[in-house]
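A quick write-up on the structure given underneath.
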Amino acid sequence: MELEQSIAKATAQAVKSLYGIDVDADKIQIQKTKKEFQGDVTVVTFAFSKAAHKSPDAIGQEIGEYLKNNAKEVSDFNVIKGFLNISVAKTQWIDTLNKINKDDNFGIKSVEDNAPLVMIEYSSPNTNKPLHLGHVRNNLLGYSLSKIMTANGNKVVKTNIVNDRGIHICKSMLAWQKWGENITPEAAGKKGDHLVGDFYVLFDKKYKEQVNELMAKGESEEEAKKNAPLIKEAQEMLRKWEAGDKEVRELWSMMNQWVYQGFDESYKRLGVAFDKIYYESDTYLVGKQKVEEGLAKGEFYKREDGSVWANLEKDGLDEKLLLRSDGTSVYMTQDIGTATLRFKEFPIDQMIYVVGNEQNYHFQVLSILLDRLGFKWGKSLVHFSYGMVELPNGKMKSREGTVVDADDLMDDMIATAKEMGKDRETEGATEAELNEIARIVGLGALKYFILKVDPKKNMLFNPQESIDFNGNTGPFIQYTHARIKSVLRKAAAEGIALPEQLDNSIETNEKETQLIQLLASYPNVVAQAGQEFSPSVIANYAYELSKEFNQFYHDYSFLKEVNPVIKQMRLVLAANVAKTIKSAMSLLGIEVPERM
Numbered sequence: 003m004e005l006e007q008s009i010a011k012a013t014a015q016a017v018k019s020l021y022g023i024d025v026d027a028d029k030i031q032i033q034k035t036k037k038e039f040q041g042d043v044t045v046v047t048f049a050f051s052k053a054a055h056k057s058p059d060a061i062g063q064e065i066g067e068y069l070k071n072n073a074k075e076v077s078d079f080n081v082i083k084g085f086l087n088i089s090v091a092k093t094q095w096i097d098t099l100n101k102i103n104k105d106d107n108f109g110i111k112s113v114e115d116n117a118p119l120v121m122i123e124y125s126s127p128n129t130n131k132p133l134h135l136g137h138v139r140n141n142l143l144g145y146s147l148s149k150i151m152t153a154n155g156n157k158v159v160k161t162n163i164v165n166d167r168g169i170h171i172c173k174s175m176l177a178w179q180k181w182g183e184n185i186t187p188e189a190a191g192k193k194g195d196h197l198v199g200d201f202y203v204l205f206d207k208k209y210k211e212q213v214n215e216l217m218a219k220g221e222s223e224e225e226a227k228k229n230a231p232l233i234k235e236a237q238e239m240l241r242k243w244e245a246g247d248k249e250v251r252e253l254w255s256m257m258n259q260w261v262y263q264g265f266d267e268s269y270k271r272l273g274v275a276f277d278k279i280y281y282e283s284d285t286y287l288v289g290k291q292k293v294e295e296g297l298a299k300g301e302f303y304k305r306e307d308g309s310v311w312a313n314l315e316k317d318g319l320d321e322k323l324l325l326r327s328d329g330t331s332v333y334m335t336q337d338i339g340t341a342t343l344r345f346k347e348f349p350i351d352q353m354i355y356v357v358g359n360e361q362n363y364h365f366q367v368l369s370i371l372l373d374r375l376g377f378k379w380g381k382s383l384v385h386f387s388y389g390m391v392e393l394p395n396g397k398m399k400s401r402e403g404t405v406v407d408a409d410d411l412m413d414d415m416i417a418t419a420k421e422m423g424k425d426r427e428t429e430g431a432t433e434a435e436l437n438e439i440a441r442i443v444g445l446g447a448l449k450y451f452i453l454k455v456d457p458k459k460n461m462l463f464n465p466q467e468s469i470d471f472n473g474n475t476g477p478f479i480q481y482t483h484a485r486i487k488s489v490l491r492k493a494a495a496e497g498i499a500l501p502e503q504l505d506n507s508i509e510t511n512e513k514e515t516q517l518i519q520l521l522a523s524y525p526n527v528v529a530q531a532g533q534e535f536s537p538s539v540i541a542n543y544a545y546e547l548s549k550e551f552n553q554f555y556h557d558y559s560f561l562k563e564v565n566p567v568i569k570q571m572r573l574v575l576a577a578n579v580a581k582t583i584k585s586a587m588s589l590l591g592i593e594v595p596e597r598m
């Protein structure tokens, strides 16, 4: 925060004046003072001990005296075991609040013309089924990360690669061809992605029946899975697709359009979007061409059976297949093709892939291969690796139709929010407004519960727990925002105007000081979330700020405060807490209602 930067500069001047040591103010360690000690911020003095030939305690004492006499920000200090605990002058907190109050985009950096371009890939669905709970976590993480990287001053391109080809797609197509009776989403009264997903499940059911029949006739399970007529038909359909068969391609195009329309509806409800969508059917041939180029340059090698491989032993890994002996591509080849198209279209400085942790090795290899092929960002690509999300009753399986469908989940969350909101008083809201509040709260609960968890960890999603109005939940934070807005509406109704500039002679009490200090740390929190690629840093800050405000609201009066100057100061403080909550939640892709 700006106040800490001022103290750091003053400390650097103290070190220069006292010991003749030049030190960069940015290198001085300043942290919030621990609650058990007196002070607001703490300067760590150990780094100067050797050069100054004095103990950390002695250095702390001397720097403290210098700051108290020369820095307007410092009113007092104490030294404990080499840690210099500084009490900030009361007037500085009002100055800090005034600066926050003037800045409508507090904590958010502007994006300059020469800013680095970061591309973020997320979602990556298959066109044989609707989005499920796993996709929800992926989309929420990717979209939030795009907002956080933009808030840190980067140009951001949000991108999606749709897996629209392969045997899994043919399974849905074949099942519709055999048992669909020309049904369409309109005729079925279903979203297109749901309809296609139903046929994927139907294929698996019929396929298992055939496998069981063959096993009953004496074949092993492995033999039966290979020999079942349905899988052979699906493989033949894939061969026809790759050969450009007109009938198969038309069926593929029709069913994919159904799915895309369904995806678009789900993305819109979830509140995520993309700047550019790529399709695997367009990228896999480009990838094959790029691999052939690498082969010609000696980066890869060909085996006797005609397959193409990369030797990664010098990188501490094994060998990686890039093209099969029949010339068909693998996922790695497709990712190389997608990277090629992206690099031609955008001047990418950093590439971030939001993909589950089961693909850690894949992206380790991809980084090496892209670097070998000349992509300037290849070596520094980021695999935003996240853990799996499960429900209390266990894992999900698409083939068996036991996935938690994203649309159903959103419906349930909104319905639950509406049910739980029935007993809450909402200032004269109409039925339409109540429905909108339920949507905002229900989806906010879902998003926050998923994003507050460290993305690297596996998580258990508990819908009921997520929508609680108490504790570390989205609705608790949303309610805090709505509560502040209600207070501000009442203040306006009483004719209380909020000044643009507070008199810095106002002395803040301990709780007010803590809230201003917490507000002032928001830019650092945004920067940390960007450096660590972690929306959970923002989520937990929003909770901490909401919790601190609610304790303050419980202990002190706002509209009933008799001192008009203190009343105005508290209302300005509350307004800026609401502003910062809204900003933080926006970085998570979460809306906050004006009333609840």
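Every position in the sequence shown, counted from 1, becomes a number in the working numbering once 2 is added. Each residue gets a CB set at the ideal place from its N, CA and C atoms; glycine is no exception. This structure is a prediction, so every number in the text was calculated from the model and none was measured.
query                                                                                                                 : result
V579, DSSP secondary structure in three states                                                                        : helix
Run of the alpha helix (DSSP H) containing K492, from where it starts to where it stops                               : G476 to A495
Three-way DSSP call (helix, strand, coil) for G403 in this model                                                      : Any answer about G403 is weak, because its pLDDT of 47 lies below 50 and its placement is not dependable; what the coordinates show is given next. Three-state DSSP puts G403 in coil, outside helix and strand.
Rounded C-alpha distance that separates I498 from Q570                                                                : 8 Å
For N2, the nearest candidate out of K278, A493, E224 and T13 (CA to CA)                                              : There is no way to answer for residue 2, as the model of the chain reaches only from 3 to 598.
Rounded Cβ spacing between N165 and V574 (contact assumed at less than 8 Å)                                           : At roughly 51 Å, the Cβ-Cβ gap does not stay under 8 Å, so N165 and V574 are not in contact.
Secondary structure of M353, DSSP reduced to three states                                                             : strand
Residue of L135, P595 and F85 minimising C-alpha distance to S1                                                       : Examination of residue 1 is not possible in this model, given that the chain is present from 3 through 598 alone.
Close Cβ partners of L500 (< 7 Å) along its chain, the five nearest in sequence each way excluded                     : Q570, L573, V574 and A577
Which residues DSSP lists as bridging H55, in chain order                                                             : Paired residues: none, contrary to the question.
Own chain, CB closer than 6 Å to D337, minus 5 neighbours either side, in chain order                                 : L368
Spatial distance of E402 from I583 (CA atoms)                                                                         : Low confidence applies to E402: its pLDDT is 48, below 50, so where it sits in the model is not reliable enough to give any reading.
As assigned by DSSP and simplified to three states, the class of L323                                                 : strand
Beta-carbon separation (whole angstroms), T1 vs V158, contact threshold 8 Å                                           : The structure shown does not extend to residue 1, since the chain is modelled only from 3 through 598, so no value can be given for it.
Given M598 as reference, the closest of A10, M422 and N552 once Cα atoms are compared                                 : M422
From P187, H170, L204 and Q237, residue whose alpha carbon lies closest to that of W181                               : L204
Proximity of I439 and V579 at Cβ, strictly below 8 Å                                                                  : no
Closest Cα partner of Q40 within the set A494, I61, N80 and D407                                                      : N80
Residues of its chain near N478, where Cβ-Cβ distance is below 7 Å and the 5 sequence neighbours each way are ignored : Before going further, note that residue 478 is Phe rather than Asn in the sequence given. Once the five neighbours on either side are set aside, the close Cβ partners of F478 are F471, N472 and S548.
Nearest residue (CA-CA) to D195, options E183, E211, Y209 and W178                                                    : W178
Neighbourhood of I442 by C-beta distance below 6 Å, restricted to the same chain and skipping five residues each side : E593 and P595
S327 versus E392: straight-line alpha-carbon distance, rounded                                                        : 38 Å
Distance between K56 and E4 (C-alpha atoms, nearest Å)                                                                : 30 Å
Buried versus exposed call for Q259 [16 or more other C-beta atoms within 10 Å across all chains shown]               : exposed
Proximity to V527 [Cα-Cα], best of R271, A484, H556 and M587                                                          : M587
Nearest to S309 (by Cα), restricted to the options G296, L319 and L323                                                : L323
Within 8 Å, strictly: CB atoms of S507 and T93                                                                        : yes
CA-to-CA distance, I9 to S77, given in whole angstroms                                                                : 12 Å
Integer-rounded CB distance, given that L375 should sit under 8 Å from E321                                           : Rounded, the Cβ-Cβ distance is 17 Å, inconsistent with contact.
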